[in-house]
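Chemist:
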Amino acid sequence: MTESADAPKGRQPRRRLQYGEGREALLNAAVRVVARGGLRRLTYRAVAEEAGVTHGLVVHHFGSRDALIEEALAHTIRTSLSTSALEPGTGKVA
């Protein structure tokens, strides 16, 4: 059987993340969970399911739900600013 065949319908198959990519993958998964269901749906288990990893990995990286929310927000802001067409500090389009 393949990994995708082992995963329940609608879930990402679990995969081994490479060193250094885990935290970003979890933050991206957290943002997707919030986008679909709001902050009330943001749980360790929902993020783990979305990312295709174990619940324990999410706990290991963030330690608390508040830390997960804070990091996901900061990640979203950093991503938005880095992909923005604005010149930093000017408000002018580059």
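Start counting at 1 in the sequence shown, then tack on 15, and there's your number in the numbering used here.
Here a beta-carbon is modelled for each residue, glycine too, at the ideal position from N, C-alpha and C.
Determine, using beta carbons only, whether Val48 and Ala61 come nearer to each other than 9 Å.
Modeler: Translated into the one-based positions of the sequence shown, residue 48 becomes position 33. Translated into the one-based positions of the sequence shown, residue 61 becomes position 46. Yes, the Cβ-Cβ distance between Val48 and Ala61 is below 9 Å.
Chemist: Where does Leu54 land, buried or exposed, given buried means 16+ other C-beta within 10 angstroms?
Modeler: Position 39 of the sequence shown, counting from 1, holds the residue named residue 54. When all chains shown are included, Leu54 counts as exposed.
Chemist: Could you tell me the alpha carbon to alpha carbon distance between Thr17 and Gly67, rounded to whole angstroms?
Modeler: On the sequence shown, residue 17 is found 2 positions in, with the first residue counted as 1. On the sequence shown, residue 67 is found 52 positions in, with the first residue counted as 1. Low confidence applies to Thr17: its pLDDT is 43, below 50, so where it sits in the model is not reliable, and the reading given next is rough at best. Taking the straight line from one Cα to the other gives about 14 Å.
Chemist: Under DSSP, the alpha helix (DSSP H) around Thr69 begins and ends at which residues?
Modeler: On the sequence shown, residue 69 is found 54 positions in, with the first residue counted as 1. Element bounds for Thr69: n/a, residue is neither H nor E.
Chemist: If you draw a straight line from the C-alpha of Leu57 to the C-alpha of Ile92, how long is it?
Modeler: Along the sequence shown, one-based indexing puts residue 57 at 42. Along the sequence shown, one-based indexing puts residue 92 at 77. Using only the alpha carbons, I get a separation of about 18 Å.
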